[in-house]
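Residue numbers (our numbering): 1 to 234.
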């Protein structure tokens, strides 16, 4: 193959991650409501493990197409985890909500740093070891797959979406301890009453709602500018 074709091929390998992210994010909302936040996060491990398997075996099979498909699955996994900050926010007590919510961004930054470190020639960035590097994302996926089932679902999801007050109280005690959490539970019940009878808004409804238009524009601009800093290359 010519040099231009090779450049085009690797450019496609890099950029297809964003396409997978779009597909994953489009299904994240439905899965989180239909199956719950915890099960949706468990489902997100499936494309992560598929991605690691395909890319890790690509050299053995002599197939660059496996790398492309693996990157697509990796993007799907990343897109599905778009609701992770929301899950952390809903599971955290009020006094720790802001601190807990930013741990997702901190973990992403740490993951990028670890990826850069592992990619050094002195570590795994050599011809014989790059399949191991490509399959390294299987490790955090396996850790989450094995540990997350022992955690309860979001208390707000249990109370507001599932109408399971006993399950909500049990989850609150498991997550926050045996202290007095009556005020937190009252807030969740007030939120349940406030949205009673309202149906979930679609994407089109969100664009038409003038009350959140400026917030939507702000988020759109910030997210769009992030695509220009080269983060997808990582």
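The beta-carbon is built from N, C-alpha and C at its ideal position, and this holds for glycine as well.
* **Extent of the continuous alpha helix (DSSP H) to which residue 28 belongs** => 3 to 34
* On the three-state DSSP scale, how would you describe residue 79? -> helix
* Asked: With 16 as the cutoff for other CB atoms within 10 Å, does residue 99 come out buried or exposed?
  -> exposed
* If you count every other CB in all the chains shown that lies within 10 Å of the CB of residue 235, and 16 or more means buried, which is it? -> Beyond the ends of the chain as shown, which are 1 and 234, falls residue 235; an answer cannot be given.
* Asked: Using 8 angstroms as the Cβ pair cut-off and three pairs as the minimum, do the segment 146 to 164 and the segment 51 to 60 touch?
  -> no
* DSSP-derived helix/strand/coil call for residue 108 -> helix
* Contact set for residue 36: own chain, Cβ-Cβ below 7 angstroms, skip 5 residues either direction -> 153 and 157
* Asked: By a C-beta neighbour count over all protein chains shown, 10 Å radius and 16 as the cutoff for buried, is residue 135 buried or exposed?
  -> buried
* Return the chain-ordered list of same chain residues with a C-beta closer than 6 angstroms to the C-beta of residue 164, the five sequence neighbours on each side being excluded. => 158
* Classify residue 202 as buried or exposed, calling it buried when 16 or more other Cβ atoms lie within 10 Å of its own Cβ. => exposed
* Asked: Which of the three DSSP states, helix, strand or coil, is assigned to residue 234?
  -> Residue confidence is low: residue 234 scores 49 on pLDDT, short of 50, so the model does not pin down where it sits. Its coordinate-derived value is still stated next. Coil.
* Asked: Between residue 19 and residue 72, which are expected to be in contact by the criterion C-beta below 8 angstroms, what is the C-beta distance as a whole number of angstroms?
  -> 7 angstroms
* Neighbourhood of residue 97 by C-beta, 6 angstroms cutoff - its chain only, sequence neighbours within 5 removed -> 89
* **Same chain, Cβ closer than 6 angstroms to residue 234, five either side skipped, listed in chain order** => Its pLDDT being 49, under 50, residue 234 is placed unreliably in this model, and the coordinates cannot settle the point.
* Asked: What do you get for residue 221, buried or exposed, if any count of 16 or more other CB atoms within 10 angstroms of its CB means buried?
  -> exposed
* Which of the three DSSP states, helix, strand or coil, is assigned to residue 209? -> coil
* **7 angstroms Cβ shell around residue 82 - same chain, five flanking residues per side excluded** => 25 and 28
* Asked: So, are the CB atoms of residue 40 and residue 80 less than 8 angstroms apart?
  -> yes
* Asked: Which value, in whole angstroms, describes the spacing of the CA atoms of residue 181 and residue 105?
  -> 28 angstroms
* Asked: On the three-state DSSP scale, how would you describe residue 68?
  -> helix
* Asked: With distances taken from CA atoms, which of 12, 65, 84 and 108 is nearest residue 43?
  -> 84
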